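Please read the structure below before turning to the comments.
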Amino acid sequence: QVQLVESGGGLVQAGGSLRLSCAASRDIFSFNVMGWYRQAPGKQRELVARITKGSTTNYSDSVKGRFTISRDNAKNTVYLQMSSLKPEDTAVYYCKAVATLIDYWGQGTQVTVSS
């Protein structure tokens, strides 16, 4: 069983920055892809950013140029650096790890951006 533990969420003013962390209970190099998703109240969960085993990254159009996903294999941790935050970035942010036959999710961390 794999555990993903997110941290780093909180309350920040618009224009501010936060860094989210996702610590995995096993070697993250074993996962094909790791990603960050978010879900705002009343909305569907959406992809924010993803990073492959080979460190190829993809971003949603809404965060491109403001967010950066990275990985530290030695620490089994994936990060999401968020800058120039907007109120519409307010959501619960979830970490996801994609293995060959199964996906794993973290419990989520709340990010609230005040205007």
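All you need for this note's numbering is the position in the sequence shown, starting with 1, plus 5.
Each residue gets a CB set at the ideal place from its N, CA and C atoms; glycine is no exception.
As the structure is a computational prediction, the values presented were derived from the model and not from experiment.
Taking all protein chains shown into account, decide if residue i is buried (16 or more other Cβ within 10 angstroms of its Cβ) or exposed.
i: K101; result: buried
i: E11; result: buried
i: I74; result: buried
i: T105; result: exposed
Shortest alpha-carbon distance to residue i belongs to which of the options?
i: S88; options: G70, T105, R76; result: G70
i: Y98; options: P46, Q18, D66; result: P46
i: E51; options: G20, A28, D66; result: D66
How many whole angstroms separate the CB atoms of residue i and residue j, which I take to be in contact at a CB cut-off of 8 Å?
i: L16; j: T117; result: 5 Å
i: R24; j: G40; result: Contact flag wrong, Cβ pair sits at about 16 Å.
To the nearest angstrom, how far is the alpha carbon of residue i from that of residue j?
i: Y42; j: S120; result: 22 Å
i: S30; j: V38; result: 15 Å
i: Q18; j: A96; result: 14 Å
i: T1; j: V103; result: Here the chain has residues from 6 to 120 only, and residue 1 is not among them.
i: A28; j: L9; result: 6 Å
i: L85; j: Q112; result: 16 Å
Looking at C-beta atoms only, is the number of pairs between the region 63-80 and the region 27-34 that lie closer than 8 Å three or more?
-> Inter-segment contact for the region 63-80 and the region 27-34 is present: three or more beta-carbon pairs are separated by less than 8 Å.
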